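Reviewing the structure listed below.
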Amino acid sequence: MPSVDAATPRGTGNLRELLRALPVFPATLPTFAPEQAPDDPVALFTEWLLDAVRAGVPEPHAMTLATADAAGDPSARVLICKDVDADGWQFASHAGSRKGRELAARPSAALTFYWQPLGRQVRVRGPVTRADAERAAEDFRARSVGARAETLVGRQSRPLGHPDEIEAAVRAQARRLRDEPNLVPPEWTVYTVRALEVEFWQADRDRRHLRLAYRREAPESPWTRQLLWP
Ligand SMILES: Cc1cc2nc3c(=O)[nH]c(=O)nc-3n(C[C@H](O)[C@H](O)[C@H](O)COP(=O)(O)O)c2cc1C
1 MPSVDAATPR GTGNLRELLR ALPVFPATLP TFAPEQAPDD PVALFTEWLL
51 DAVRAGVPEP HAMTLATADA AGDPSARVLI CKDVDADGWQ FASHAGSRKG
101 RELAARPSAA LTFYWQPLGR QVRVRGPVTR ADAERAAEDF RARSVGARAE
151 TLVGRQSRPL GHPDEIEAAV RAQARRLRDE PNLVPPEWTV YTVRALEVEF
201 WQADRDRRHL RLAYRREAPE SPWTRQLLWP
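At position 93 of the sequence shown (counting the first as 1) the number is 93 in my numbering, and the numbers step up by one without a gap.
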């Protein structure tokens, strides 16, 4: 494998070789028997998430959220998954952020989880709904004072003049929180991806990767299952 030092930040040739030589997937991988998978993808997702926790995967609840703006142009970022239940996959964010504005224009999203030590990927896709204010308040109050103060600043995704401005703005909001500890910004929102598609992908050393896709017509419809070519 070419050395990391040989791949200078501007030397794209060496970087290309380095990337080509990097390994993908661990030497030992778990088995997956799609025919034994449960009828409900939330049950299988929970099994896989717990496997990831048990395997010590760092931040197994981190997921990539993809949204699109009104013109259909996509953007993606990593978020924390707050809960998964019969309604779907939940995350929380500021409604005024880029993702919040995109979800207001186009309430539909895709999520991707990748648990590298297990060679497993899960993809979720569907319409997005906003939970009620009570659920958002409950989520907000469970956050640390620092995280709450930062959110109260309310400028996520807006242009920032200088990093020093953050400290002063967060400190001012922390003071506000001391006076009004139950403060919840109306923009703090818990979103739920009401999945219409959930795909489970298990890597295989011999490249016989397994893909099991669950699909349904509408959030209340029954799930159907289908294997996909890797
Ligand atoms: C591991 C990790 C977890 C994150 N969790 C959240 C989160 O739960 N909510 C959130 O709004 N941003 C979270 N972020 C920051 C987002 O990736 C993103 O920078 C921010 O939400 C602004 O995105 P936007 O401009 O597309 O709206 C997290 C970032 C990382 C790397």
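Backbone N, C-alpha and C define an ideal beta-carbon position, used for all residues, glycine too.
No experiment lies behind these values; they were computed from the predicted model shown.
Residue i - partner residues in DSSP beta bridges
{"i": "Thr192", "result": "Gln90 and Thr129"}
{"i": "Ala110", "result": "Ala66 and Arg125"}
{"i": "Thr224", "result": "Arg215"}
{"i": "Gln202", "result": "Arg120 and Leu210"}
{"i": "Ile80", "result": "Ala62"}
{"i": "Ser75", "result": "Thr67"}
{"i": "Asp85", "result": "Gly88"}
{"i": "Trp48", "result": "Paired residue(s): none; Trp48 is not in a bridge."}
{"i": "Glu197", "result": "Arg125 and Arg215"}
Within 9 Å, strictly: CB atoms of residue i and residue j
{"i": "Leu44", "j": "Thr64", "result": "no"}
{"i": "Asp132", "j": "Ala105", "result": "no"}
{"i": "Thr46", "j": "Gly100", "result": "no"}
{"i": "Phe113", "j": "Ala62", "result": "yes"}
{"i": "Pro230", "j": "Arg208", "result": "yes"}
{"i": "Arg125", "j": "Leu111", "result": "yes"}
Exposure label - residue i; buried when at least 16 CB within 10 Å
{"i": "Pro41", "result": "buried"}
{"i": "Gly72", "result": "exposed"}
{"i": "Ala86", "result": "exposed"}
{"i": "Glu150", "result": "buried"}
{"i": "Glu138", "result": "exposed"}
{"i": "Glu102", "result": "buried"}
{"i": "His94", "result": "buried"}
{"i": "Ala136", "result": "buried"}
{"i": "Arg20", "result": "exposed"}
{"i": "Arg123", "result": "buried"}
{"i": "Leu50", "result": "exposed"}
{"i": "Pro60", "result": "buried"}
Proximal residues to residue i (C-beta, below 7 Å), its chain only, five neighbours per side dropped
{"i": "Val153", "result": "Ala169, Val170 and Gln173"}
{"i": "Pro117", "result": "Pro26, Ala55 and Val57"}
{"i": "Pro185", "result": "Thr151, Leu152 and Gly154"}
{"i": "Gly119", "result": "Phe25, Pro26, Leu29, Gln202 and Ala203"}
{"i": "Asp83", "result": "Gln90"}
Inter-residue CB distance, residue i and residue j (contact presumed, cutoff 8 Å)
{"i": "Arg211", "j": "Leu196", "result": "At roughly 17 Å, the Cβ-Cβ gap does not stay under 8 Å, so Arg211 and Leu196 are not in contact."}
{"i": "Pro107", "j": "Val128", "result": "5 Å"}
Residues near residue i in its chain [Cβ-Cβ closer than 8 Å; skip 5 each side]
{"i": "Ala37", "result": "Leu44, Phe200, Leu212 and Arg225"}
{"i": "Pro74", "result": "Ala66, Thr67 and Ala68"}
{"i": "Asn182", "result": "Arg141"}
6 Å CB neighbourhood of residue i in its chain, flanking five on each side removed
{"i": "Gly88", "result": "Thr192, Val193, Arg194 and Ala195"}
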